[in-house]
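Everything below concerns the one structure shown next.
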């Protein structure tokens, strides 16, 4: 059994620009709890590690200040983030207009409910590992309506409530593109 501090290792995979803008960190991070596992006792789930889209870095540690530190209230340096772009499926679920599994250009797309269930499993694992490692965890969405829908769905989700988690869901707009100068 491992003991001691949580292990925070940056992966080599490229991360999307939104995650970098939000956290200031480049690349995904894997976090492993000190004893090698995190559990959700009421759910009998065991998690050994989680990947996060970023960890909020101090101003000056990246090319631009992390957007997560500029919002009100700000996220703190060291907070672990999961960021999502798109995800209109959440707004459709809240509106009672969820789409079923479907074929688009020869590709099978999952139902909105399947996307949501996958998100719940991901958030539950990431939030539990962050909690065990004494880190704050938050979700950031690039669209206000989707962030509002995610907040409504996730914070009433039975598995998240049973685990005693309250998931901060933030709307963080991406930096506007500046016009090119010649």
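Residue numbers (this note's numbering): 5 to 186. For each residue, glycine too, the CB sits at the ideal point set by N, CA and C.
Endpoints, beta strand (DSSP E) assigned at residue i
| i | result |
| --- | --- |
| residue 174 | 173-175 |
| residue 54 | 54-56 |
| residue 144 | 141-145 |
| residue 113 | 111-113 |
Cβ neighbours of residue i in the same chain (closer than 7 angstroms, five flanking residues each side left out)
| i | result |
| --- | --- |
| residue 19 | At residue 19, the pLDDT of 43 sits below 50, so the modelled position is not reliable; the number obtained from the coordinates is stated separately. So the qualifying residues of the chain are 30, 31, 32, 57, 58. |
| residue 155 | 173 |
Element boundaries [alpha helix (DSSP H), containing residue i]
| i | result |
| --- | --- |
| residue 75 | Careful: residue 75 lies outside any alpha helix (DSSP H) and carries neither H nor E. |
| residue 51 | Where residue 51 is concerned, there is no enclosing alpha helix (DSSP H), although the beta strand (DSSP E) it sits in stretches over 49-51. |
Reduced DSSP secondary structure (H/G/I, E/B, other) of residue i
| i | result |
| --- | --- |
| residue 106 | strand |
| residue 161 | coil |
| residue 89 | coil |
| residue 30 | coil |
| residue 84 | strand |
| residue 129 | helix |
| residue 184 | Because residue 184 sits at a pLDDT of 44, beneath the cut-off of 50, its placement in the model cannot be relied upon, and the point is left open. |
| residue 35 | strand |
Neighbour-count burial assignment, residue i, 16 or more Cβ in a 10 Å radius
| i | result |
| --- | --- |
| residue 185 | Bear in mind that a pLDDT of 45 at residue 185, under 50, signals an unreliable position, so the number given afterwards is only what the model happens to contain. By the neighbour-count rule (16 or more Cβ atoms within 10 Å), residue 185 is not buried but exposed. |
| residue 83 | buried |
| residue 110 | exposed |
| residue 71 | buried |
| residue 128 | buried |
| residue 88 | buried |
| residue 174 | buried |
Residues near residue i in its chain [Cβ-Cβ closer than 8 angstroms; skip 5 each side]
| i | result |
| --- | --- |
| residue 105 | 112, 113, 114, 115, 118 |
| residue 97 | 116, 117, 120, 153, 157 |
| residue 131 | 141, 164, 167, 169, 171 |
| residue 86 | 56, 57, 126, 127, 130, 141, 142, 143, 144 |
Selected residue, minimal CA-CA separation from residue i, among the options
| i | options | result |
| --- | --- | --- |
| residue 99 | 169, 153, 54 | 153 |
| residue 90 | 146, 26, 27 | 146 |
| residue 68 | 28, 101, 23, 174 | 28 |
| residue 139 | 24, 81, 92, 25 | 81 |
| residue 4 | 76, 133, 134 | Past the edges of the chain, shown from 5 to 186, lies residue 4, and the structure says nothing about it. |
| residue 25 | 136, 62, 39 | 62 |
Beta-carbon contacts of residue i that lie in its chain and below 6 angstroms, excluding the five residues immediately before and after
| i | result |
| --- | --- |
| residue 161 | 124 |
| residue 53 | 34, 36 |
| residue 66 | 28 |
Cβ of residue i within 7 angstroms of any chain E Cβ
| i | result |
| --- | --- |
| residue 81 | In the structure shown, chain E does not exist; there is a single protein chain. |
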